[in-house]
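As structure tokens, the structure follows; a few thoughts come after it.
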Amino acid sequence: MNILYTADGLDGSLPIASEYLLFATAEDMAELVTITHWMARPHEIPPAVTVVHLRNVDGVDLGKFDVRHQMHRVYTATAQKAAG
57 MNILYTADGL DGSLPIASEY LLFATAEDMA ELVTITHWMA RPHEIPPAVT VVHLRNVDGV
117 DLGKFDVRHQ MHRVYTATAQ KAAG
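Here it is in structure tokens:
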């Protein structure tokens, strides 16, 4: 199925497995759409808030969402092998 959306005034669609709808909230879908929207625009800087309108999700208009962009540093630790 396709999610039809508008992100900051630009129309888009996101193909997604229908099983995702069984577990995802509308907020989850708005976040996923926002990630996809900005990944398609790697040379643009996302604003602090992206306005997303989920226009058609399985035939239903889920409304508009303010999706906040937060840049977090992520650190991942891996144990070192003992010397010797």
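With my numbering applied, the sequence shown covers 57 to 140. Built from N, CA and C at the ideal position, the CB exists for glycine as well.
Since residue i sits in a beta bridge, which residues does DSSP pair it with?
i           : result
residue 69  : 60
residue 109 : 62, 120
With a threshold of 16 other CB atoms inside 10 Å of the CB of residue i, please say whether the residue is buried or exposed.
i           : result
residue 63  : buried
residue 59  : buried
residue 79  : exposed
residue 73  : exposed
residue 128 : exposed
Per DSSP, what kind of secondary structure is residue i in: helix, strand or coil?
i           : result
residue 92  : helix
residue 114 : coil
residue 85  : helix
My assumption, with CB atoms under 8 Å, is that residue i sits in contact with residue j. Please give the rounded CB distance.
i           : j           : result
residue 70  : residue 61  : 7 Å
residue 86  : residue 66  : The pair is not a contact, with the Cβ atoms about 15 Å apart (cut-off 8 Å).
residue 98  : residue 125 : Residue 98 to residue 125, Cβ: 14 Å. No contact.
residue 108 : residue 90  : 6 Å
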